[in-house]
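Visitor:
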Amino acid sequence: MVAAASPNTIQNYKQQTDFFEMARFHFMDDLKNVSNYKSEVIEFVTSPNNPDGFLKKAVLKGNSVKSIYDYAYYWSHFTAIPAPADEDVMIFSISKLTGHAGGRFGWALVKDKQIYDNMIRYICLAEMGVSRDTQLRALQLLRAILQGNGKEIFRFAYKTMGDRWEQLNQIISSSTRFTIQEIPPQFCNFFQQVRGPSPAYAWVKCERKEDSNCAEVLSRAKITGRRGSMFGSDDRYARLSLIRRQDDFNLLIHRLTVLVSEENRAESM
Numbered sequence: 560m561v562a563a564a565s566p567n568t569i570q571n572y573k574q575q576t577d578f579f580e581m582a583r584f585h586f587m588d589d590l591k592n593v594s595n596y597k598s599e600v601i602e603f604v605t606s607p608n609n610p611d612g613f614l615k616k617a618v619l620k621g622n623s624v625k626s627i628y629d630y631a632y633y634w635s636h637f638t639a640i641p642a643p644a645d646e647d648v649m650i651f652s653i654s655k656l657t658g659h660a661g662g663r664f665g666w667a668l669v670k671d672k673q674i675y676d677n678m679i680r681y682i683c684l685a686e687m688g689v690s691r692d693t694q695l696r697a698l699q700l701l702r703a704i705l706q707g708n709g710k711e712i713f714r715f716a717y718k719t720m721g722d723r724w725e726q727l728n729q730i731i732s733s734s735t736r737f738t739i740q741e742i743p744p745q746f747c748n749f750f751q752q753v754r755g756p757s758p759a760y761a762w763v764k765c766e767r768k769e770d771s772n773c774a775e776v777l778s779r780a781k782i783t784g785r786r787g788s789m790f791g792s793d794d795r796y797a798r799l800s801l802i803r804r805q806d807d808f809n810l811l812i813h814r815l816t817v818l819v820s821e822e823n824r825a826e827s828m
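Position one of the sequence shown corresponds to residue 560 (the numbering used here), numbered consecutively onward.
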């Protein structure tokens, strides 16, 4: 069985499992009532979670359980780093580190040699290896990051994302129609201080009973969001991306401000 630690998470793993459907596999996306599983199971743990930005740990325990930690967003841009990443299988992506999503470049840290060998064999057979051009570009990006003390990009990214979250939170806090997730401050070992939230996405909930499709509500205000059902949740939720060009983010803030202002004006009449 393939499983996800949280029911409200990105649905790619379910889609991949369904695509490669075999008698050996089926997908389960809600593990809150399960802790000790006796069948063979692979648990995907997305931390921070996409879309809500909360740090996650594996739920299942047992000798037949293997966990794969998706750390695509485990950068100080988007979350406090409470501890070093030290799991048996961890996957990362350069797209969320540098913003170069088009290269589709990622890497894995794997402790078990047999699992590593199986992964290499699969990549060679299924993909005929990886693009050397992409590897070279990624290497050049990593070298650029490491210039100086190697921390400048992280300081810049955290400040940018933190400022964006504060702007968004200020607007939503004046609304009774919309709410967003609450992420508490946490000590960050990377920055050696307690730091506030700076998630990649806002997980917006439409609180009015009639607003059953939050993405549609936002769309009428010319705000693009992904509906909650794309993440295994209710369509009363929608995901707004905060990782976009500054001009696009400014436009998002402007349109949200107009939408909330119209709401407040209607309530005061």
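Every residue gets a Cβ at the ideal spot worked out from N, C-alpha and C, and that includes glycine.
Within the region 724 to 785, note down every full beta strand (DSSP E) run reaching 3 residues or more, in order along the chain.
Guide: Segments of the beta strand (DSSP E) lying fully in the region 724 to 785: 745 to 747, 752 to 754 and 760 to 765.
Visitor: Helix, strand or coil, according to DSSP, for residue 637 in the structure here?
Guide: Residue 637 falls in the coil class under three-state DSSP.
Visitor: Hey, how far is the Cα of residue 655 from the Cα of residue 769?
Guide: The alpha-carbon atoms of residue 655 and residue 769 are separated by roughly 36 Å.
Visitor: Give me the Cβ distance between residue 630 and residue 644, rounded to the nearest whole Å; I'm assuming they're in contact under 8 Å.
Guide: So it is a contact: roughly 6 Å between Cβ atoms.
Visitor: Are the CB atoms of residue 720 and residue 757 nearer to each other than 8 Å?
Guide: In this structure, residue 757 lies closer than 8 Å to residue 720 by Cβ.
Visitor: First and last residue of the alpha helix (DSSP H) that includes residue 788?
Guide: It is not in any alpha helix (DSSP H) - residue 788 carries neither H nor E in the DSSP assignment.
Visitor: Would you list the residues sitting across from residue 719 in a DSSP beta bridge?
Guide: None, per the DSSP bridge assignment.
Visitor: Less than 7 Å between C-beta atoms, sequence neighbours within five positions excluded: which residues of the same chain meet that for residue 734?
Guide: Excluding residues within five positions, the ones whose Cβ falls inside 7 Å are 819 and 822.
Visitor: Would you call residue 679 buried or exposed, if buried means 16 or more other Cβ atoms sit within 10 Å of its Cβ?
Guide: Classification for residue 679: exposed.
Visitor: Who does residue 606 pair with in a DSSP beta bridge?
Guide: In the DSSP output, where bridge partners are listed per residue, residue 606 has none listed.
Visitor: In angstroms, rounded to a whole number, what distance separates the CA positions of residue 684 and residue 619?
Guide: In a straight line, the C-alpha of residue 684 is about 31 Å away from that of residue 619.
Visitor: For a test of the three-state rule: what should DSSP assign to residue 662, helix, strand or coil?
Guide: Residue 662 falls in the helix class under three-state DSSP.
Visitor: How would you label residue 712, buried or exposed, when you count the other beta carbons within 10 angstroms and need 16 or more for buried?
Guide: The residue in question, residue 712, is buried, as its Cβ has 16 or more Cβ neighbours within 10 Å.
Visitor: What residue range is occupied by the uninterrupted beta strand (DSSP E) comprising residue 626?
Guide: Looking at the DSSP string, the run of the beta strand (DSSP E) that includes residue 626 is 624 to 629.
Visitor: According to DSSP, is residue 620 helix, strand or coil?
Guide: Residue 620 falls in the strand class under three-state DSSP.
Visitor: For residue 616 and residue 727, I'd like the C-alpha separation in whole angstroms.
Guide: Whole-angstrom Cα-Cα distance: 28 Å.
Visitor: For residue 638 and residue 746, what's the separation of their Cα atoms in angstroms?
Guide: So the two alpha carbons sit approximately 10 Å from each other.
Visitor: Can you tell me whether DSSP reads residue 817 as helix, strand or coil?
Guide: Helix.
Visitor: Along the chain, where does the alpha helix (DSSP H) that runs through residue 654 open and close?
Guide: Where residue 654 is concerned, the enclosing alpha helix (DSSP H) stretches over 653 to 657.
Visitor: Between residue 775 and residue 736, is the Cβ-Cβ spacing less than 8 Å?
Guide: No, these two residues do not count as a Cβ contact at 8 Å.
Visitor: How far does the beta strand (DSSP E) with residue 675 in it reach, from first residue to last?
Guide: Residue 675 -> not in any beta strand (DSSP E); alpha helix (DSSP H) instead, spanning 672 to 686.
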